[in-house]
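K.L.:
When we follow this note's numbering, the leftmost residue of the sequence shown carries the number 148, and every step to the right adds one. The beta carbon of each residue, even a glycine, is placed where N, CA and C say it ideally should be. Note that this is a predicted model, so its numbers are computed, not measured. Structure provided below as structure tokens; questions to follow.
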Amino acid sequence: MFSQKNKSEYILEFIRTLPKSKKTVASLYLFPPADVEHLPEQLNHADWNARPVDFRYRILGTPEDKKQHLEQPVSLLSPHYETLRSTWMATFQRNIEKIQYQIQQSGLAEQPVSRLVLLCKSFAKRIRTHVSNEPRQSRYQRQLDVYFSWLAEQSMLALIKHSDWGKLPEVTKIEVIDFLRQEIDYRKVQGYLKELDGRSARVFYRMQLYRRFLDRFILLKADVVELGHIARRSVKALITMLVMSLFTVFIFYFRDSGYSLSVGLILTVALVYALRDLLRDDLVKVLTDKIRQDKALWKLRYRKSTKDPLLFQQFLWRSVIRYEQLPEQVKNNSGKWFFNADKNIFFLRSVMESEGHLNLEENVEESIEIDFKPFADLLSTIKTPVYYYDINDEQSKVGTHLIEQRHYYNLVLVIEDLKSKEPVKVQRWKLTLTAEGVVQCTTGRVIDSSKNQASKS
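Structure (structure tokens):
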């Protein structure tokens with residue numbers, strides 16, 4: 148199943164380990180607020196179809212047959228050296244995010260802080276041993292080490308900045324501060340201060356570049372193929388041929404009738420061309436959508452690198468659908484507040500068909516990023532004042548609450564495995580959205596549809 152984290156103010160990320168199956172389906176349904184009845188018309192379709200949902204796939208996990216090489220010289224050979232350490236870094240970041248999410252949900256406590264310090268110390272020891280002296284790998288190792296040092300420092304400083312920092316035991320505080328001092332001393336010895344000192348924005352964007360460099364060794368490369376362009380061009384040619392055929396019949400009719408060139412004929416010819424330009428785009432869209440109804444819009448082919456064999460391919464659907472078109476398991480878990488039957492539900496489906504990745508000993512991590520900025524841009528930034536006072540208090544003054552406009556969305560993810568007997572699984576999240584981004588994301592329980600069907604029977 149998917150785990151969720153906030154990647155930025157507007158972007159949510161949903162992560163899972165891709166199942167070793169030949170054909171899996173992940174369907175996403177986004178339910179807007181009931182009071183926004185014409186959201187698809189307000190939201191530009193280009194914004195929804197362009198980039199609100201991104202898929203990324205990483206190869207994580209060390210194969211069993213290569214674990215014996217971890218402490219041997221073969222682990223220093225390229226490209227195994229870079230790939231192995233990039234996998235370590237990605238796993239380390241996921242573990243940090245899990246601890247940070249636990250702190251966010253349960254508050255700052257001694258146990259998660261100690262786990263975070265121990266995790267950073269263990270990973271520092273891991274990447275700073277068996278270092279290669281090759282020039283290319285030395286450059287990679289330096290960027291890996293600098294990025295880890297910065298990321299660990301940011302994690303520790305976030306703990307110190309937390310409102311519950313003062314409630315921690317002194318021993319735990321000393322652990323965090325000692326780790327920070329050790330990292331600062333280590334940077335001085337290694338000569339990292341130049342890369343980590345300076346304006347905060349400059350350092351941040353430099354670290355993001357380092358992260359992209361590290362990720363490229365484990366990110367799968369995708370070849371994107373847009374489907375339907377042949378049907379669209381064929382419909383466009385058909386409409387042009389039809390209009391010009393009618394125009395040719397019209398011209399021959401006037402010629403055989405003995406009419407001469409006149410202002411009326413010229414205006415009629417101009418009107419025909421105007422109608423063609425006016426109606427062609429709409430007709431092309433309507434007919435193409437009719438022909439390609441329920442067909443995928445894109446096909447993505449994933450490989451380890453451009454020269455490696457195909458691992459799997461992905462088909463994507465994106466559209467806006469009506470409530471009546473929803474499957475029953477989605478209707479039952481979309482939220483009791485939503486009963487709008489208009490064409491108002493944003494829908495995306497991903498179908499994975501694979502053969503090659505079944506033979507991989509590593510795990511493939513699937514990451515779905517959803518950008519809610521196009522939805523947030525529709526909200527007003529003006530805050531409405533609401534006044535209050537205590538009628539029982541004679542000295543009470545009139546206070547003011549500033550109320551910002553909010554929209555509440557339901558997001559439902561449905562996971563199916565078409566090649567196995569596993570039941571369909573449903574997950575739901577409740578989102579609170581303002582003009583400044585996603586301010587709250589509440590995870591609902593995972594619903595197993597097989598239990599619902601068993602209870603009904």
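1) Am I right that F519 and L580 are in contact with their C-beta atoms under 8 Å? What's the rounded C-beta distance?
2) The ligand FMN and L231: does any heavy atom of the ligand fall closer than 7 Å to the residue's C-beta?
3) Taking all protein chains shown into account, do 16 or more other C-beta atoms lie within 10 angstroms of the C-beta of T590, making it buried, or fewer, making it exposed?
4) Alpha carbon to alpha carbon, how far is Y204 from R448? Give it in angstroms, no decimals.
5) Apart from the five residues on each side of it in sequence, which residues of its chain come closer than 7 Å, Cβ to Cβ, to L430?
6) What are the partner residues of E512, as DSSP defines its beta bridges?
7) Which residue's Cα is closest to the Cα of W464: A369, E156 and V200?
8) By alpha-carbon positions, which one of N557, S285, R553 and N242 ends up nearest to G584?
9) Taking Cβ positions, are K572 and V593 nearer each other than 8 Å?
10) Could you check whether F326 and E229 sit closer than 8 Å to each other, using their CB atoms as the reference points?
11) In terms of alpha-carbon separation, which member of L343, E160, V559 and H277 lies closest to K478?
12) What is the DSSP secondary structure of L315, reduced to helix, strand or coil?
13) Take the Cβ of P179 as the centre, count every other Cβ of all protein chains shown within 10 Å, and call the residue buried at 16 or more, exposed below.
14) Tell me, please, whether the region 448-460 touches the region 365-383 by the rule of three or more beta-carbon pairs shorter than 8 Å.
15) With P532 as the anchor, note down where its beta strand (DSSP E) starts and where it stops.
16) Would you call the CB atoms of R358 and Y294 closer than 8 Å?
17) Applying the 10 Å Cβ sphere with the 16-neighbour rule, what's the burial state of S296?
18) Can you find a CB in chain C that lies within less than 8 Å of the CB of E471?
19) Using 10 angstroms around the beta-carbon of A384, count the other beta-carbons present and answer buried if the total reaches 16, otherwise exposed.
20) Which residue marks the beginning of the alpha helix (DSSP H) containing F606, and which one marks its end?
21) Can you tell me whether N506 is helix, strand or coil according to DSSP?
22) Taking its Cβ as the centre, do 16 or more other Cβ atoms sit within 10 Å of Q355, making it buried, or is it exposed?
23) DSSP state of L558, grouped into three classes?
24) Is the distance from the Cβ of S514 to the Cβ of I243 below 8 Å?
25) In the DSSP assignment, find the beta strand (DSSP E) that holds K478 and state where it starts and stops.
26) Classify F351 as buried or exposed, calling it buried when 16 or more other Cβ atoms lie within 10 Å of its own Cβ.
27) What is the DSSP secondary structure of M148, counted as helix, strand or coil?
P.N.:
Judging by the given coordinates:
1) 6 Å
2) In the structure on display, the ligand FMN does not appear, and there are no ligands present to speak of.
3) exposed
4) 11 Å
5) I386
6) T164 and R205
7) V200
8) R553
9) yes
10) no
11) V559
12) coil
13) buried
14) yes
15) K530 to Y535
16) yes
17) buried
18) The question asks about chain C, but that chain is absent: this structure has only one protein chain.
19) exposed
20) Since the first residue of the chain shown is 148 and the last is 604, residue 606 is not available in this structure.
21) helix
22) exposed
23) strand
24) no
25) Unbroken run through K478 is the alpha helix (DSSP H), E475 to K478; no beta strand (DSSP E).
26) exposed
27) coil
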